[in-house]
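Q: I have a structure I would like to understand better, so I am pasting it below and will then ask my questions one at a time.
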Amino acid sequence: MAFEYAAVDLPIREQTISSQRMSWEMIANPGRWWTGAECFDIARMGSYARDFEAVGSEILPDAAVYAIQKLVVDNANLNREWYEDIIAMTGMTEDRYVELVAVVVHSLS
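For the sequence shown, the tail end lands on 994 under the numbering used here, and the numbers increase by one without skipping.
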């Protein structure tokens with residue numbers, strides 16, 4: 886992911902820049918349930934969802950796309966029923982959901 890700092894009017898410490906890059910490099914590593922490319926796409930989609938931009942994914946299952954959007958923009962309405970519905974969808978399991986949440990939270994923190 887390319888980082889654009891030129892448009893920021895505030896000084897940004899080099900440590901902040903290098904920490905951000907290192908964080909994204911870690912996100913792009915494969916996890917136990919998602920490949921590195923999938924983890925990167927999860928983080929990318931979380932970033933777009935945060936800005937209320939609806940984007941799709943060519944590599945993630947629809948369940949993951951829906952979960953990312955819900956986690957980022959409508960997390961106040963998450964409940965057990967929603968969780969059970971999401972893990973029952975094609976391409977999602979409890980394990981994959983947990984890793985997806987971790988990637989989303991890490992990438993947006």
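C-beta atoms are modelled at their ideal positions from N, C-alpha and C, and glycine is treated no differently.
Is it buried or exposed, G931, if we count other Cβ atoms within 10 angstroms and call 16 or more buried?
A: Buried.
Q: For the stretch 893–904 and the stretch 914–926, state whether three or more C-beta atom pairs, one from each stretch, are separated by less than 8 Å.
A: Cβ pair count under 8 Å is below three, so no.
Q: If T978 sits next to I972, beta carbons under 8 Å apart, how far is it from one beta carbon to the other, in whole angstroms?
A: That pair is a contact at about 6 Å.
Q: Can you check which of these residues, V940, S994, P946, is closest to M974 by C-alpha distance?
A: Among V940, S994, P946, the Cα nearest to that of M974 belongs to P946.
Q: Determine the burial state of F925: buried for a count of at least 16 other Cβ atoms within 10 Å of its Cβ, exposed for fewer.
A: Classification of F925: buried, given that the 10 Å Cβ count is 16 or more.
Q: Start and end of the alpha helix (DSSP H) containing D970?
A: Residues 965–973.
Q: Roughly how many angstroms separate the alpha carbons of V957 and E943, rounded to a whole number?
A: Their Cα atoms are separated by approximately 20 Å.
Q: By alpha-carbon positions, which one of V893, Y933, P896 ends up nearest to L993?
A: For L993, the nearest C-alpha among the options comes from Y933.
Q: Near V940, what residues of its chain come up, given a Cβ to Cβ distance below 7 Å and the 5 sequence neighbours on each side ignored?
A: These residues qualify, in order along the chain: M930, Y933.
Q: I897 and V988 look like a contact to me (Cβ under 8 Å); what is the Cβ gap, rounded to whole Å?
A: Not a contact, Cβ separation roughly 24 Å.
Q: On a CA-only basis, which of E923, R935, A928 is nearest D959? Give me that one, please.
A: The candidate whose alpha carbon is nearest that of D959 is R935.
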